[in-house]
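The structure appears below as structure tokens.
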Amino acid sequence: MPLTLLPDLGDLLRLQPQFNAGTVVEALRFLRVSAALWGSGMDPDHPLRDALPAARVDITDGLVGDWAWADAEHTQLQDFLQQFSQGRERLRAAAQAESALAQLVTAPLSLTRACHPEVLAGVQQAVRGVQDALDEGPGTRWRVRRLTELAARLGDAGGVLIVPLDDLPDLLTLLPGAVLPDLIGFQPGETSRLRALADRAWQLNEDDDLSGLLDSLSREAGDAVTPRAELDAAAAGIHLAVGDLGTARTLLERAAHGLTDDQPRSLAGLTLARLGQVRDAQGDRELAQRTYRAVLALRYAPQVAREAAQAGLDTPFALTLS
Numbered sequence: 002m003p004l005t006l007l008p009d010l011g012d013l014l015r016l017q018p019q020f021n022a023g024t025v026v027e028a029l030r031f032l033r034v035s036a037a038l039w040g041s042g043m044d045p046d047h048p049l050r051d052a053l054p055a056a057r058v059d060i061t062d063g064l065v066g067d068w069a070w071a072d073a074e075h076t077q078l079q080d081f082l083q084q085f086s087q088g089r090e091r092l093r094a095a096a097q098a099e100s101a102l103a104q105l106v107t108a109p110l111s112l113t114r115a116c117h118p119e120v121l122a123g124v125q126q127a128v129r130g131v132q133d134a135l136d137e138g139p140g141t142r143w144r145v146r147r148l149t150e151l152a153a154r155l156g157d158a159g160g161v162l163i164v165p166l167d168d169l170p171d172l173l174t175l176l177p178g179a180v181l182p183d184l185i186g187f188q189p190g191e192t193s194r195l196r197a198l199a200d201r202a203w204q205l206n207e208d209d210d211l212s213g214l215l216d217s218l219s220r221e222a223g224d225a226v227t228p229r230a231e232l233d234a235a236a237a238g239i240h241l242a243v244g245d246l247g248t249a250r251t252l253l254e255r256a257a258h259g260l261t262d263d264q265p266r267s268l269a270g271l272t273l274a275r276l277g278q279v280r281d282a283q284g285d286r287e288l289a290q291r292t293y294r295a296v297l298a299l300r301y302a303p304q305v306a307r308e309a310a311q312a313g314l315d316t317p318f319a320l321t322l323s
């Protein structure tokens, strides 16, 4: 079985309606696989770390090392180059290349489009631009070394490997026989649409149609990747944003009662952290503190939930409406 490289956008999956965590789940189903090799980032809060297990897709870890030290070296190099005019010129050239890559991955993008030769060529050009400006090593966070080590660990492995989009072109070269996914006939479906709705509801903008979002959330039954409890929690966030504490609390308590072990692992922490804030804002301090402690006692809670819970323990949460 050949090794298929499936591109990943990391946190940007939360911002792409047609290429989100639900889309990746549907693509894996389309490819008829129930397991994936993990060659992407080490962030424990990565969206796919929620979606894949919830969809019963097994993840094989151990292929990617901890490269945090490379990030530290990259920062040190930037600080050093800032001291010299030629160094600042090199940093500007690298920033232009990184900006070109950012434009590629933040423009409306589908999974099929991400695998298109035109997009991959643009990704490769941006990556080479950074490499040309800062040289291979700390300037690229030891990119060549990192990908070469990943390729060596993979050996002649087959299956589906999830990799960052910007790593994909180089890995196609480093891994003889590796292929892009055959997505002819693939279209995002209900899982992708529902995930896009929830992602949108968690990230509100000033010009959003809040009533429309609430109506959409209320009509859905949810699925494994985006369960009903998450839709309730997301809707509660909208009510909280406009100061409707009573409805927000009702929805969050309903979501909390709907939590189960087989749901996305971030959901419990996010739901309870927000529920603690609502209880705090209503003056129910003791119960709010117990809710915050419940977040911190979870085996896993996303960093944003842990920070909110700790902040709530330190200082009572107060709702401020702009």
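Take the sequence shown: its letters are residues 2 to 323, numbered as in the working numbering.
All C-beta atoms, glycine included, are put in the ideal place defined by N, C-alpha and C.
### Query
Looking only at its own chain, which residues have a Cβ that is under 7 Å from the Cβ of residue 290, when we skip the five neighbours before and after it?
314
### Task
Check whether the Cβ atoms of residue 233 and residue 202 sit closer than 7 Å, and answer yes or no.
no
#### Entry: Inter-stretch contact (C-beta, 8 Å, three-pair minimum) for the segment 46-53 and the segment 7-16
yes
### Message
By DSSP's criteria, residue 163 is part of a beta bridge. Which residues make up the other side?
### Response
7 and 39
### Backbone secondary structure at residue 248 - three-state DSSP
helix
### Three-way DSSP call (helix, strand, coil) for residue 60 in this model
strand
### Task
Ignore the nearest five residues each way along the sequence and tell me which others in residue 40's own chain have a CB closer than 7 Å to its CB.
64, 65, 151, 162, 163 and 164
### Query
Curious, which full-length beta strand (DSSP E) runs of at least 3 residues does the segment 137-208 contain?
160-165
### Query
If you compare alpha carbons, which of 62, 167 and 299 is closest to residue 106?
167
### Task
Below 6 Å CB to CB, which residues in the same chain sit around residue 110 once its five sequence neighbours on both sides are set aside?
17 and 20
### Message
Tell me the DSSP secondary structure of residue 54 in three-state form.
### Response
helix
### With 16 other Cβ atoms within 10 Å as the buried cut-off, status of residue 305
exposed
### Task
Pick helix, strand or coil for residue 300, following the three-state DSSP scheme.
coil
### Message
Suppose the cutoff is 7 Å on Cβ atoms and the five residues either side in sequence are ignored; what does the same chain contact list for residue 58 look like?
### Response
26, 29, 35, 36 and 37
### Message
Do residue 199 and residue 6 count as a contact pair if the criterion is CB distance below 7 Å?
### Response
no
### Task
Give the secondary structure of residue 262 by DSSP, where H, G and I count as helix, E and B as strand, and everything else as coil.
coil
### Task
Report the option in 301, 247, 299 and 67 whose CA atom is closest to the CA atom of residue 146.
67
### Task
Flag this pair as yes or no: are the beta carbons of residue 116 and residue 181 separated by less than 7 Å?
yes
### Query
If we count Cβ pairs, one from each stretch, closer than 8 Å, do we get three or more for the segment 76-94 versus the segment 117-126?
no
### Query
Taking the alpha-carbon positions, what's the residue 285 to residue 270 distance?
19 Å
#### Entry: residue 213, buried or exposed, once every other Cβ within 10 Å from all chains shown has been counted against 16
exposed
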